[in-house]
Amino acid sequence: MARSSQRKWVTGYLIAVAAIFIIYQFLFPWEGLPIGIYDFLQLWLPPTAVNESLVYVICALGLNIVVGYAGLLDLGYVAFWAIGGYCAGWFMSEFFYQINLHFFGSVARTAPGIHVNFWGVLLIGGLVCAFFGILIGGPTLRLKSDYLAIVTLGFGEIIPQVFFNGDDIAGFNLSNGTKGITILDPIPVGAKNIGPFDFGYKFIIFVLLAALMVFISLRLRKGKLGRAWLAIREDELAASMMGVPLMQTKLSAYAVGAFAGGLGGVAFATHVDGVYAERFNFSISIFLLAMVVLGGMGNVWGVIIGALLLSWINSTGLPAFGTTFNDKFGTSINFPSFTFLLFGLVLILMMLYKREGLIPESRLRLILHEGDAEEDLTSKESK
Amino acid sequence: MEVSGASLVGLLLIIWLGVNLIKAPTQFAQVSVLGLRNGLLYALIALGYTLVYGIIELINFAHGDLFMLGALFSSYFITIWFHQKESNLAGWITFGFALIGSMLFCGTINVLIERFAYRRLRRAPKLAPLITAVGMSFLLQFIGIKWNGSTPRQWPTVIPHGDFVVAGVIISQVTLILILVAAPLLSVLTYVVNKTKRGKAMRATAQDQDAARLMGINVNKTISFTFAIGGALAGAAGLLYQQSVGTTNYNLGFQLGLIAFTSAVLGGIGNLNGAVLGALLIGVVQGLNDGLPIALGQRWSQTVVFTILILILVIKPAGLLGKVTTEKV
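As you go down the protein sequences, you meet chains A and B in turn.
Counting in this note's numbering, the first sequence runs from 4 upward without gaps.
Counting in this note's numbering, the second sequence runs from 756 upward without gaps.
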């Protein structure tokens, strides 16, 4: 992508970030704010929804590396989210009360449990996920692409189930089962501790994480590895003939994608101040896929837009619209239940009519419409 | 190395089965029978996956949800539209019509899905139809939520729920009815695919679409026909499930669909006999795991099935009866 357009995207996002931070950090708690505006913001753009959408952005950027760059379909991305979340649960709370281990933690030294610094946990979460990514990818990446989708799907089902049933694994409490792990340590930034309700500062932290993922995505894409991923996505056979090591390249896409999932998992855990096994379900994997597909597979800026948009619609837009609509017309339509319809339609319609996404990557558009000329032949036959 | 991995898994399996068989023989037989009964249902669904995969190499993620819609259709047909709540002659007649209705209903939906979504993507890169199928699955689940409600729903059933006891093993009448319905369906399917002209066209299309077209086979019609058969089997499975279990839920299709898909892969995807064999095996393994004294128990049931799936794909991707295929260039 041209340098100037890239600069435009970055400037745009920076302005949006600054505006949102000012609104929530200074305007929102201000007593002089008219109650109408306050209610409007609380209904249509509550701070929790903004922060949650950023978690989706982090994960969608990770999935974009796997699906958009390397062209491997991963339907079990939620597994990495869960593993990252439980890393936060294990290393940032009093859950393992038998042990007393502190590593630059943000709580008093006398507190039981493992208390590792938030930034350390981010790294741990990311690396553990990357390890699992390689573990699951290693034996399965040799398979045909559609089998891979199924294996990842199975993996995405197994991992949350292990956590769900994990309160008694041969007598050992790994995950506290359905009760989940709650009350995580605050995030230390210098001398300040950022608790679960410090939305403004947490927003900045999540923005930084998302920016890190953007940076990683853009840098990798330009480099040798990124070009190898694109080559594999476009034609695996040709790429291997040109000397691209298939397994190694695919595995690294998997590992980087999983790393982002770990970051997202840790971020999400601090966002909701806990980890709950039943939150990690198949729909999340599909939501993330829809975000990548809607925004434009392979295009970082598009994926961010897709993630923000769909996450907002899912968490705030639909319920808020439903409340307003039902109040106005005296109906009682359950709008949040329309998420299934929405996400299903996004996937189907995008694939049928605009496979390259809303903000397409020019290179991908060419590939995705490769077979279109022949398509006319097939449709004529039926007449 | 790969062979030793497979034999190690096999050995562990045999030890586990052996210990349990010696410890509790009656229970062993009992849970096997239950497992076989579930396996028959899985077989009907698994065939839909295998038929579609065999002909256009697409994992039809929406197939499990089609089964769910079949179950909902049957519930409404029998209980709400025809008010049958007990097992009597009227109930049986409604059951028969519900079977036909559900098969037609699901077959039609499946054909429509293929016509309006998958057909346009036949030449597109593989990622596109796969993602469309996932979207379709969500769409069908949405219909399920609107139709059934978002919580599980209980239904009265019109088939008898009594038991026979054979040598200490309880066999429910439901099992017999399942066999009586499923077995003829499976035989008809085998006959159609192997002995009729349509079946020949299906097999030719599966081998090479372009060559089949050159030989005068109407490829589009053949693929539609395949989707119709697969859908009809899912519809039959929906009715049988709803009548034997008595509850429906909108996300029923997701779990059962995955189990059925695992069965299809275990047997060798694309292979009809393989799908049935795989489904029966998965049913029995699941039954054994849920009911045996030395086993992981019901709460790990899904995990066991998915672990089997991953193990097969890693050790023997072609499945038990499948032929090794290389990627076409």
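Even glycine gets a Cβ: it sits at the ideal position worked out from N, Cα and C.
Can you look up Gly-809 of chain B in the DSSP assignment and give me helix, strand or coil?
helix
Mind listing which residues of the stretch 880–893 of chain B have their C-beta closer than 8 Å to chain A's C-betas, in chain order?
Pro-880, Lys-881, Leu-882, Ala-883, Pro-884, Leu-885, Ile-886, Thr-887, Val-889, Gly-890, Met-891, Ser-892, Phe-893
Could you check what DSSP says for Lys-881 of chain B in three-state terms: helix, strand or coil?
In the structure shown, Lys-881 of chain B sits in coil (DSSP, three-state: anything other than H, G, I, E or B).
Assuming the contact rule is C-beta atoms closer than 8 Å, Gly-260 of chain A and Gly-87 of chain A should be a hit. Round their C-beta distance to whole Å, please.
About 12 Å separates the two Cβ atoms, so there is no contact after all.
Below 7 Å on C-beta distance, what does Ser-999 of chain B contact in chain A?
Within chain A, no residue comes near Ser-999 of chain B; the closest Cβ sits about 25 Å away, beyond 7 Å.
Span separating the alpha-carbon of Phe-106 of chain A from that of Met-300 of chain A:
Rounded to the nearest angstrom, the two C-alpha atoms are 39 Å apart.
Is the number of C-beta pairs between the stretch 953–973 of chain B and the stretch 830–844 of chain B that are closer than 8 Å three or more?
Not touching, per the Cβ criterion.
As a quick exercise: from B:Ser-787, B:Glu-812, B:Ile-855, pick the residue whose alpha carbon is nearest that of Val-1039 of chain B.
B:Ser-787
Cβ of Ala-73 of chain A within 9 Å of any chain B Cβ:
no
Just checking, does the stretch 332–343 of chain A make contact with the stretch 75–84 of chain A on the three C-beta pairs under 8 Å criterion?
no
Per-residue burial, Thr-805 of chain B [other beta carbons within 10 Å of its own, 16 or more giving buried]:
In the assembly as shown, Thr-805 of chain B is a buried residue. Its beta-carbon has 16 or more other beta-carbons within 10 Å.
Ordered along the chain, which non-local residues of its own chain (more than five positions away) have a Cβ less than 7 Å from that of Tyr-996 of chain B?
Excluding residues within five positions, the ones whose Cβ falls inside 7 Å are Leu-796, Ala-826.
Alpha carbons only, please: which of B:Arg-878, B:Phe-1016, B:Gly-1042 is nearest the one belonging to Ile-814 of chain B?
B:Phe-1016
Check each candidate in B:Arg-870, B:Leu-763, B:Leu-859, B:Ile-886 and name the one with the smallest Cα separation from Phe-290 of chain A.
B:Ile-886
Would a check of beta-carbon distances place Phe-919 of chain B closer than 9 Å to chain A?
no
Closest Cβ-Cβ distance between Phe-324 of chain A and chain B: below 9 Å?
no
Along chain A, in chain order, which residues have C-beta atoms closer than 9 Å to that of Arg-1054 of chain B?
Gln-164, Phe-167, Asn-168
List the residues that DSSP assigns as beta-bridge partners of Pro-142 of chain A.
Residue pairing from DSSP leaves Pro-142 of chain A without any beta-bridge partner.
For Ser-905 of chain B, would you say it is in contact with chain A, using Cβ-to-Cβ distances shorter than 9 Å as the test?
yes
Per-residue DSSP class, three states only, for Pro-915 of chain B
coil
When we look at the beta-carbon of Gln-1041 of chain B and count the other beta-carbons within 10 Å, is it buried (16 or more) or exposed?
buried
What residue from A:Thr-273, A:Leu-144, A:Phe-283 has the CA that sits closest to Pro-248 of chain A's CA?
Of the listed residues, the one whose Cα sits closest to Pro-248 of chain A is A:Leu-144.
What residues are listed by DSSP as bridge partners for Met-294 of chain A?
None; Met-294 of chain A has no bridge partner.
Check whether chain B comes within 9 Å of Lys-195 of chain A, counting only Cβ atoms and requiring the distance to be less than that.
no
Between which two residues does the beta strand (DSSP E) holding Lys-195 of chain A run?
Unbroken beta strand (DSSP E) run through Lys-195 of chain A: 195–197.
For Ser-905 of chain B, which of helix, strand or coil comes out of DSSP?
coil
With a threshold of 9 Å between beta carbons, is Ile-811 of chain B in contact with chain A?
no
Tell whether a beta-carbon distance below 9 Å holds between Leu-1035 of chain B and Leu-988 of chain B.
no
Of all the residues that make up the stretch 332–350 of chain A, which are near chain B by a beta-carbon distance shorter than 9 Å?
Asn-337, Ser-340, Phe-341, Thr-342, Phe-343, Leu-344, Leu-345, Phe-346, Gly-347, Leu-348, Val-349, Leu-350: these are the residues of the stretch 332–350 of chain A whose beta carbon lies less than 9 Å from some beta carbon of chain B, given in chain order.
Nearest-angstrom Cα separation, counted from Ile-68 of chain A out to Leu-367 of chain A
Each residue's alpha carbon lies about 14 Å from the other.
Ile-972 of chain B classed as buried or exposed, judged by whether at least 16 other C-beta atoms fall within 10 angstroms
buried
Identify each residue in the stretch 143–164 of chain A for which the Cβ-Cβ distance to at least one residue of chain B is less than 8 Å, and report them in chain order.
Thr-143, Leu-146, Lys-147, Ser-148, Asp-149, Tyr-150, Ala-152, Ile-153, Val-154, Leu-156, Gly-157, Phe-158, Glu-160, Ile-161, Gln-164
Across the stretch 301–316 of chain A and the stretch 100–120 of chain A, are there enough close Cβ pairs to call them in contact, namely three or more that are closer than 8 Å?
no
If contact is defined by three or more beta carbon pairs under 8 Å, each pair taking one atom from either stretch, is the stretch 900–917 of chain B in contact with the stretch 997–1013 of chain B?
yes
Going along the chain, which residues of its own chain have a beta-carbon closer than 7 Å to the beta-carbon of Val-921 of chain B, five neighbours each way excluded?
none
Alpha-carbon to alpha-carbon, Phe-1061 of chain B and Asp-1045 of chain B
Here the alpha carbon of Asp-1045 of chain B sits roughly 15 Å from the alpha carbon of Phe-1061 of chain B.
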